[in-house]
């Protein structure tokens with residue numbers, strides 16, 4: 005069954021089964037890229053099965069109880085919440101009491117009720133759309149403990165901290181814990197004293213964990229980042245394949261698969277591989293209206309990046325993605341030399357360095373993380389104001405997931421990419437050189453083609469992106485191409501000159517060259533190489549002098565993106581494709597976009613960006629800044645990111661409402677019962693001083 009979200013007009017259908025184009029692709033197919041999980045804190049099940057599966061866990065230290073020590077269970081100085089039984093309560097009451105929200109958003113209420121009633125669900129919802137609420141509330145309302153499968157150990161800590169701050173009895177099991185910590189969590193689970201338990205997928209391949217779970221009561225099984233099960237997808241993880249067995253091991257327990265990144269093909273494979281054929285599928289709109297999409301022609305990417313960052317509100321937090329580890333470190337150093345607070349992150353860094361850099365990014369304001377795609381999945385920092393790419397992503401799915409880390413709080417954010425000819429040549433070459441059969445390489449090529457189409461579009465960029473996920477939409481009026489529509493020109497003659505040069509070199513001399521030398525020939529350059537090769541005697545020598553070097557690079561990039569020419573071999577030499585015949589004969593039109601060079605990231609018709617304080621009335625700004633300072637102090641004392649205390653939206657509401665009593669705090673979004681109890685006096689004191 006498929007359910008459309010409100011306002012969603014798409015007609016997406018999900019097949020019952022999906023082909024397996026990646027089935028024969030060896031791991032080395034992705035050499036040269038950072039695996040998003042490489043070097044991450046995986047959770048291998050290192051424990052041998054117990055002699056007696058029904059034996060209780062080893063006894064805990066008698067001086068501590070399962071629920072009195074956050075130092076044992078969560079590693080923080082805060083105690084876990086007192087026992088509060090939400091079982092059987094109205095989900096809306098739980099939403100208000102725990103999260104401080106008056107109403108569910110979009111399809112959240114329908115999803116929650118469906119799962120509370122015992123139904124399985126597949127939830128496709130964008131980042132920031134509220135996926136976590138759809139499994140956390142049912143876990144609280146249904147009897148037992150909700151099991152959450154989360155792919156990275158490093159992310160569980162903050163997720164659990166956020167739940168504990170809201171008064172939810174949450175914990176995790178992973179290999180970073182000391183035996184006493186694991187015992188405390190296990191005992192709490194068996195005693196029914198946990199609302200939510202987080203585990204990594206590989207831990208569910210171990211007999212001991214499965215035996216433990218079988219001896220307790222599960223309320224819900226939520227599989228987060230479910231696209232990792234899909235061999236169609238960009239983040240395939242073999243450990244997810246075994247999660248389909250949970251249906252037989254825990255019959256009667258509703259299961260949920262959740263992801264923010266899924267094409268119809270990927271969604272179909274999630275259903276098939278996780279054995280969710282009877283599940284109800286909920287599809288929310290993939291649109292992130294608060295995000296502005298921008299792509300600039302790559303000229304000097306690091307300088308362009310600095311200009312872009314400086315066009316953002318001062319102190320903005322952001323993520324910069326680069327393809328290689330070397331580029332990450334060089335770019336982070338370059339930004340730091342420009343006075344920006346930038347840190348590197350990639351799988352080759354020491355574990356302690358990665359952990360320290362991630363902690364600073366999450367907890368401090370205004371930090372810029374320069375990273376490979378090894379960074380970002382599950383990062384729940386709501387106030388990331390920008391995401392930048394200085395290299396071309398491999399797929400639209402990857403791009404959507406990475407850019408989706410901006411603006412989770414709903415405030416205006418910008419995603420920017422510098423994209424050039426070298427990106428196209430490099431990506432094509434990596435596909436050609438990758439191991440695997442023809443169908444595997446074809447699938448990689450299709451991913452890249454879709455990404456290139458997004459970059460080269462002359463129409464609305466958001467509309468192109470949503471169309472990829474099967475969602476029709478109108479032009480947004482806010483992306484770069486809507487704000488400053490690109491000029492187009494008839495590139496047929498230019499394309500014919502280029503193709504003729506390639507043909508003459510190949511047929512007359514048996515030679516092939518890359519873009520740089522071909523441009524020199526067309527522009528009539530007097531280089532030593534041209535003289536040595538006698539290329540100044542070619543009939544096309546100098547025929548393209550009317551176009552600049554950058555113009556020709558734009559032409560070649562767009563012809564590569566359309567498949568009219570192809571890049572071959574280690575050196576990216578250019579050759580004609582089957583599609584080139586129609587161009588040479590003048591039968592195929594070649595409209596090209598004219599790059600707006602020199603914008604250096606800061607232009608593109610973008611509207612002036614506002615900081616979070618700009619959304620606060622002038623008379624309330626002093627109070628808002630005082631609340632931010634108070635929040636930072638609370639976060640430092642507790643060793644948690646500031647957003648776990650309160651988000652900016654809640655602080656803005658406090659500044660506007662100026663509550664004078666505990667009762668006044670009840671109506672402010674984001675303040676639940678536990679946070680009112682923990683922070684109410686402090687909030688009222690700050691308000692009273694202003």
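Residue numbers (the numbering used here): 5 to 694. Where a beta carbon is used, it is the ideal one built from N, C-alpha and C, also for glycine. No experiment lies behind these values; they were computed from the predicted model shown.
The alpha helix (DSSP H) runs lying completely inside the segment 226-294 and spanning 4 residues or more are 250-253 and 268-277, given in chain order.
Taken through DSSP and simplified to helix, strand or coil, residue 593 comes out as coil.
Residue 383 has its alpha-carbon roughly 22 Å from the corresponding atom of residue 339.
Shown here, residue 390 sits in a strand according to DSSP, grouped into three states. Classified as buried, residue 205 has 16 or more neighbouring CB atoms from the shown chains inside 10 Å of its CB. The beta carbon of residue 548 sits closer than 6 Å to those of 501, 526 and 527, all from its chain and outside the five residues before and after it, given in chain order. Leaving aside the five residues that flank residue 198 on each side, the residues in its chain whose CB is nearer than 8 Å to its CB run, in chain order, 149, 173, 174, 175, 189 and 192. Between the alpha carbons of residue 423 and residue 395 lies a gap of roughly 6 Å. It is roughly 48 Å from the alpha-carbon of residue 226 to the alpha-carbon of residue 578.
Distance from residue 470 to residue 477 at the Cβ level is roughly 5 Å; contact confirmed, criterion being Cβ atoms closer than 8 Å. The three-state secondary structure of residue 298, taken from DSSP, is strand. Under the DSSP definition of a beta bridge, residue 347 partners with 373. In the DSSP annotation of this structure, the continuous segment of the alpha helix (DSSP H) that includes residue 504 starts and ends at 496-513.
With a beta-carbon spacing of about 5 Å, residue 154 and residue 202 fall inside the 8 Å limit used to define contacts.
Annotation for residue 407: the continuous alpha helix (DSSP H) segment containing it runs 400-407.
Taking each of 522, 408 and 412 in turn and checking the Cα distance to residue 509, the smallest one comes out for 522. Between residue 594 and residue 499, the C-beta spacing is below 7 Å.
Counting only runs of 4 or more residues that sit fully inside the segment 125-161, the alpha helix (DSSP H) segments are 135-145, in chain order. Excluding five sequence positions before and after residue 411, the CB atoms of its chain that fall closer than 6 Å to its own CB belong to 294, 295 and 417, given in chain order. Taken through DSSP and simplified to helix, strand or coil, residue 572 comes out as strand.
The shortest C-alpha to C-alpha distance from residue 495 to any of 483, 463, 519 and 556 is the one to 556. Between the segment 369-376 and the segment 319-334, the count of Cβ pairs shorter than 8 Å is three or higher; the stretches touch. Listed in chain order, the non-local C-beta contacts of residue 675 below 6 Å within the same chain comprise 104 and 669, local neighbours out to five positions each way being set aside. Residue 433 is a Cβ neighbour of residue 576, given a cutoff of 7 Å. Burial is judged here by how many other beta carbons sit within 10 angstroms of a residue's own beta carbon; residue 140 has at least 16 and is buried.
Residue 292 and residue 449 do not touch by the CB rule: their CB atoms are close to 27 Å apart, not below 8 Å.
Two segments are said to touch when three or more pairs of C-beta atoms, one from each, lie closer than 8 Å; by this definition the segment 297-311 touches the segment 339-350.
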